[in-house]
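Please read the structure below before turning to the comments.
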Amino acid sequence: MMILKELIKGNERFRNTDFKYLEPEIRDLVKNGQRPEVLFIGCSDSRVTPDLMLNTRPGDMFIMRNVGNFVPPYKHDEDFHGTAAAIEYALAVLKVKHIIICGHSHCGACKSLYDEIPDDTTLVHVKIWLQLGQQAKERTLKNNKFTTKEEMYRATERNSIRHQLDNLLTYPEVSRLLKEEKLKVHGWYYDIESGRIDYYDKKEDKFKVLEVSTYE
Numbered sequence: 098m099m100i101l102k103e104l105i106k107g108n109e110r111f112r113n114t115d116f117k118y119l120e121p122e123i124r125d126l127v128k129n130g131q132r133p134e135v136l137f138i139g140c141s142d143s144r145v146t147p148d149l150m151l152n153t154r155p156g157d158m159f160i161m162r163n164v165g166n167f168v169p170p171y172k173h174d175e176d177f178h179g180t181a182a183a184i185e186y187a188l189a190v191l192k193v194k195h196i197i198i199c200g201h202s203h204c205g206a207c208k209s210l211y212d213e214i215p216d217d218t219t220l221v222h223v224k225i226w227l228q229l230g231q232q233a234k235e236r237t238l239k240n241n242k243f244t245t246k247e248e249m250y251r252a253t254e255r256n257s258i259r260h261q262l263d264n265l266l267t268y269p270e271v272s273r274l275l276k277e278e279k280l281k282v283h284g285w286y287y288d289i290e291s292g293r294i295d296y297y298d299k300k301e302d303k304f305k306v307l308e309v310s311t312y313e
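Mapping the sequence shown onto my numbering, position 119 (from 1) lands on 216, and the numbers just tick up by one.
Right, dumping it as structure tokens:
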């Protein structure tokens, strides 16, 4: 119960401090609706905090988080697709101009690709979900550019971003908007220890330090 009390106290501090300064902006967002230009697809990892690491304000980003920041390939059926629904809503309703897939260091999902997941009901959906990272694992092992397990995990995390970007391109609306130059997609890698973000340069097939000049 202690953690819940801390969360409640945190909300009280927020209402008494930051909210007062943000209130005019928030009232405008309530009245006129949200107008984010970015869809941020990140991991559910509690150490990854998009608003803190990017210093954003309410209304700046439409955020979708899941285990491993995975993007399932497009599939047209009547099943439940949370990530796909977020992508569709961001593009069709919010008209975002950018989609960022942001992976991170020490990702539990990527590490779990090398673990044996038990065949029981406790992790049945996790085991299926992790199939979305298998291509990243296979690429990492094939390239064999690591000497330790930790280096293998870091390489897998970056390779996963590459493959999730490929999956994103299977969405018809994403493909169409890219061709019409109305949308840009980005692969970012957040280093938890330093707070630094690297971006994926597709032309050179490598990750580079993200700077303001990157997109000039």
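C-beta atoms are modelled at their ideal positions from N, C-alpha and C, and glycine is treated no differently.
Return helix, strand or coil for residue i, following the three-state DSSP convention.
i                 : result
isoleucine 214    : coil
aspartate 148     : helix
arginine 316      : Outside the displayed range of the chain (98 to 313) lies residue 316, so it cannot be described from this structure.
phenylalanine 243 : coil
valine 190        : coil
valine 306        : strand
histidine 201     : strand
phenylalanine 167 : coil
aspartate 174     : coil
glutamate 248     : helix
threonine 237     : helix
serine 141        : coil
threonine 219     : coil
glutamate 398     : Only positions 98 to 313 of the chain appear in this structure, which leaves residue 398 out of reach.
serine 209        : helix
Excluding five sequence neighbours on each side, which residues of the same chain lie with their C-beta closer than 7 Å to the C-beta of residue i?
i              : result
lysine 242     : Ala252
threonine 244  : none
isoleucine 289 : Arg144, His201, Ser202 and His203
glutamate 134  : Val193, Lys194 and His195
asparagine 166 : Ile138, Gly139, Cys140, Ile198, Cys199, Gly200 and Gln261
threonine 237  : Met249, Ala252, Thr253 and Asn256
I'd like the list of long-range same chain contacts for residue i, defined as Cβ closer than 6 Å, with 5 residues on each side in sequence excluded.
i              : result
lysine 224     : Ile214
asparagine 264 : Val168 and Pro170
Which value, in whole angstroms, describes the spacing of the CA atoms of residue i and residue j?
i                 : j              : result
arginine 154      : glutamate 247  : 34 Å
isoleucine 196    : threonine 218  : 34 Å
serine 257        : leucine 101    : 34 Å
valine 309        : glutamate 301  : 19 Å
aspartate 125     : tyrosine 186   : 21 Å
leucine 280       : valine 271     : 7 Å
isoleucine 160    : glutamine 228  : 23 Å
lysine 194        : serine 141     : 23 Å
glutamate 175     : alanine 182    : 12 Å
leucine 136       : tryptophan 285 : 13 Å
glutamate 239     : glutamine 231  : Per the sequence presented here, residue 239 reads as lysine, with glutamate not at that position. Looking at the two C-alpha atoms, the distance is approximately 12 Å.
phenylalanine 177 : cysteine 207   : 24 Å
valine 127        : proline 121    : 10 Å
isoleucine 50     : lysine 234     : Given that the chain is displayed from residue 98 to residue 313, the structure contains no residue 50 and the question cannot be resolved.
tyrosine 211      : methionine 98  : 35 Å
glycine 292       : methionine 150 : 7 Å
aspartate 216     : arginine 259   : 29 Å
Can you tell me where the alpha helix (DSSP H) with residue i in it begins and where it stops?
i            : result
aspartate 48 : It is not possible to answer for residue 48, since the shown part of the chain is limited to 98 through 313.
tyrosine 118 : 115-129
arginine 154 : Neither: arginine 154 is in no alpha helix (DSSP H) and is coded neither H nor E.
proline 269  : 269-276
Kindly identify the DSSP beta-bridge partner or partners of residue i.
i           : result
leucine 321 : Since the first residue shown for the chain is 98 and the last is 313, residue 321 is missing from the structure and cannot be characterised.
Between which two residues does the beta strand (DSSP E) containing residue i stretch?
i          : result
valine 282 : 281-287
Report all residues from its chain with a CB closer than 8 Å to the CB of residue i; omit the five preceding and five following residues, and keep chain order.
i             : result
glutamine 131 : Gly156, Phe159 and Leu191
threonine 311 : Tyr296 and Lys305
leucine 119   : Arg154 and Pro155
leucine 274   : Leu188 and Leu280
proline 180   : It is worth fixing the name first, because residue 180 is threonine in this sequence and not proline. Result list for threonine 180: Ile138, Met161, Asn163, Phe167, Val168 and Pro169, in chain order.
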